[in-house]
Amino acid sequence: MTVIDNIIGKIEAFNEENNLQHGNAETYFEEEQGILTTIEGTNHTTLTVAFSMDDIEEIERNDTFLNVLERNYKTRINDFDVDESFTMMWSHEFGEHNGFTPRIFINILEDDAEHFDNIQYS
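In my numbering, the protein residues as written are 62 to 183.
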């Protein structure tokens with residue numbers, strides 16, 4: 062098993078333990094970008110977290126998997142903005158297709174933001 066495979070396995074186990082996998086979650090390696098993991102809230106909001114090659118080397122060299130994971134997840138989660146996501150995604154057609162009113166969709170995004178904020182890192 063390679064270092065990258067080992068890290069991917071740990072990320073997937075962490076995501077499973079924290080209920081971040083609901084059908085659209087995935088973790089994979091790309092030569093140019095490093096490891097990418099898409100985490101998913103209970104209402105299917107997805108965020109992609111990147112682990113650069115520098116992150117991978119730091120994990121391998123210093124055995125700091127949880128520290129790097131927490132840093133990268135918190136950075137991405139802190140960048141998640143419910144209002145911005147709503148504005149980017151919402152349209153009348155989107156609402157009709159998914160059976161959402163604007164208020165329901167905002168509640169969904171807020172619930173998933175809370176889910177992401179409550180991840181347990183230890």
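From the three backbone atoms N, C-alpha and C, an ideal C-beta is built for every residue, glycine too.
Since we're looking at a predicted model, the values are computed, not measured.
CA-CA distance, Leu-81 to Thr-98, rounds to 10 Å. The three-state secondary structure of Ala-111, taken from DSSP, is strand. Around the beta-carbon of Tyr-182, fewer than 16 other beta-carbon atoms lie within 10 Å, marking it exposed. In the structure shown, the three-state DSSP call for Tyr-89 is strand. Taking the C-beta atoms as reference points, Gly-102 is found nearer than 8 Å to Asp-173. Its Cα nearest to that of Gly-95, the residue Val-64 stands out among Val-64, Ser-152 and Ile-165. Taking a C-beta distance under 8 Å as the contact criterion, Val-129 and Glu-118 do not qualify as a contact pair.
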